[in-house]
Every structure is written in C-alpha cells, then in structure tokens.
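**Student:** When we follow numbering that gives the first Met the number 0, the leftmost residue of the sequence shown carries the number 0, and every step to the right adds one.
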Amino acid sequence: MTYFKNKPKKFQRLKHKYRLVILNDDTFEEKVSFKLSQLNVFVAVGISSLVLILLVTIIIAFTPLREFIPGYANVNVRKQGVENFLKSDSIELALAHNNLYIDNIKQIIQGKPIKLDDKAFVDSTVNYKMIINNPIEEDSLLRNTIETEEKYNLFSKAGSTPGNISSFIFLQPLKGIVTNRFNFKKQHFGIDVVASKNEAIKATLDGTVVFAEWTSETGYVIQLQHADNIISIYKHNSVLHKKVGDHVKAGEVIAIIGNSGELSTGPHLHFELWYNGIPINPEDYMMF
C-alpha cells in the first residue's frame, strides 16, 4: 500500500513548477525567467532529440554529405563496382567458352568424341519467339540466285560454314585414296587417306605448329594453326619433322605417313580441318 501511495507523489513531483531566472551578475537585475517542470524539460529534450535525429537522417540520405561518413561508398565507387561486376561476368563467360574450345581440341588430338554444346553459346537476352521467320519475296529470290551460283562453285559449298574460308587455296597434304570419308553424325571429323609407304605429308596452308606429340590412340600427331582460326590436324604418322612453334609454308613436309596409334587399322593419314571450332569436310576444299 505504501508503494501505491508514493507513486502519485512521484508523478506530482515531475509536474512541480520551477523558475529559471537569468540575472545580471553586477546589478542582480532580472533579465529572463522561465517557468519549468521536470516533465516539461523531459518532453522538450525528447522532442529536440527526435528533430535532430530526423534532420541528420535527411541530410545523410539526400545530400552529398553522406560520402564523408566512414564506411559509406561514394557514387563513383559504387558505379565502378557495378561496371567491374559486369566486366567480370563477361570475362567469366568468355573464359568458359575458351575452356570448352581447348577441351574440344584436346579431345580431337586424342581421337576422342567431343560434345558440341550449342546451349552454352545461346544469347539468353534474345527473344527468339519475336523473330519473324517468313522471308519476303525479294529475300527468297536473292537466296535462290546465290544458291544457284554456289552450286557450281568449286571453292565453296552452299550451306557450308559461313566466313571467308572459301578464299583460301588448300593444298592436299597427301596424294592417295580416300578410304573413310567425313561423317559428322558418327563423329568421324576427318578423312582417311591411304598412300604409298614412307610418303611425305605436307602442310595444307601456311601456319604454325601448335601440337606435335605422341598419343596412345592416334600415334604421332601434328597440328597446325592457320590464319582466320583454321586448324589442320594430321594423325597416325610414323615420323614428325616439325616441333611446336615452328612456322611452316604450304606444301612443306611436316611428317611421314605411318601406322601409329591404337586406333589405326593400317598405314594411312587421318586428316582433319577445323574452322572456328567446327569440323569441316576437307573434300569440300581440295581434291584427293
């Protein structure tokens, strides 16, 4: 009961009036006076604190002063961060494509099947459903004209890999008989050419040797990198006359025909042509 009796007294004490007087120290003249209570002081201090917090928050949120706060990144830093993120994402995508390309080249050299993952190169930002696939009359006439001309063109083939590969003059690496032709569906990405024993194998174009080693499945293999992302590969050789880093001219001897490797069924050359990471039929560009 004593607690409840004292509680109103404490509340009344908060409302008790006080006078704040400011006097002149020399004359004791009253300059200013205020009537105050503890409750008024608490309310005034609380409201002032809330107003001050609100003003500071507005200044920080809507003025450049926020950049001076430790730990808060300025606009330029945040913009640079976004740009760096986009660049890193593009670099990561390009790196994934390059790794896939290198892995496929390794598989080719070792005579193993490769996986052509077209989904990895699809642009997800393009809405293909919105593409109109109905050609206009002028476009159809132009297509028919070009297809008719290309049908009798010895240096290009309608429907072949796009680009300027048809402008190259390929030299046959070996004179002989083609016993096994190019077959993309069966993953036979080249042709097999049979010739006389110890026949010289020549470079089909000017290029640089990027691989020249022994593999268990395809024996002695030499690979040349040519202009415009063209690659030629020569497998099952008995002897290699060039090493990695050598520059060769078209028609220059690079190896000798052989029967090396576990996958070889007799003395022959397995010859492949690749353009932009895609295998192409060598017989479309040279005579054997």
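Note that CB positions come from ideal geometry on N, CA and C, so glycine has one too.
With distances taken Cα to Cα, identify the nearest neighbour of residue 285 among 207, 37, 29, 167.
**Tutor:** Selected option, being the one with the closest Cα: 167.
**Student:** From residue 236 to residue 86, what distance separates their C-alpha atoms?
**Tutor:** Their backbone Cα atoms lie some 44 Å apart in a straight line.
**Student:** Under the three-state reduction of DSSP, which class applies to residue 186: helix, strand or coil?
**Tutor:** Coil, per DSSP.
**Student:** DSSP has residue 191 in a bridge; who is on the other side?
**Tutor:** Paired residues: 179, 269.
**Student:** Going by DSSP in three states, residue 171 sits in which element: helix, strand or coil?
**Tutor:** Residue 171 falls in the coil class under three-state DSSP.
**Student:** Here's a check: name, in chain order, each residue in its chain whose Cβ is nearer than 8 Å to the Cβ of residue 15, leaving out the five neighbours to either side.
**Tutor:** Once the five neighbours on either side are set aside, the close Cβ partners of residue 15 are 36, 37.
**Student:** Residue range of the alpha helix (DSSP H) that residue 43 falls in?
**Tutor:** Looking at the DSSP string, the run of the alpha helix (DSSP H) that includes residue 43 is 37-61.
**Student:** Using only CA atoms, which one of 182, 270, 222 lies nearest to residue 176?
**Tutor:** Answer by Cα proximity: 270.
**Student:** Quick one: grab the DSSP three-state call for residue 84.
**Tutor:** Looking at residue 84 - three-state DSSP - the assignment turns out to be helix.
**Student:** Closest to residue 202 by CA distance: which of 268, 91, 259, 180 is it?
**Tutor:** It is 268 whose Cα lies nearest to the Cα of residue 202.
**Student:** Short check: CB of residue 225 to CB of residue 205, under 8 Å?
**Tutor:** It is a contact, given that the beta carbons lie within the stated cut-off.
**Student:** Of all the options 253, 255, 228, which has the alpha carbon lying nearest to the alpha carbon of residue 275?
**Tutor:** Checked all of 253, 255, 228; the closest Cα to residue 275 is 228.
**Student:** If you run the structure through DSSP and keep just helix, strand and coil, what is residue 157?
**Tutor:** Note that residue 157 scores 36 on pLDDT, short of 50, meaning its location in the model is unreliable; the coordinates nonetheless yield the value given after this. Three-state result, residue 157: coil.
**Student:** Note the first and the last residue of the continuous beta strand (DSSP E) segment covering residue 221.
**Tutor:** Residues 218-225.
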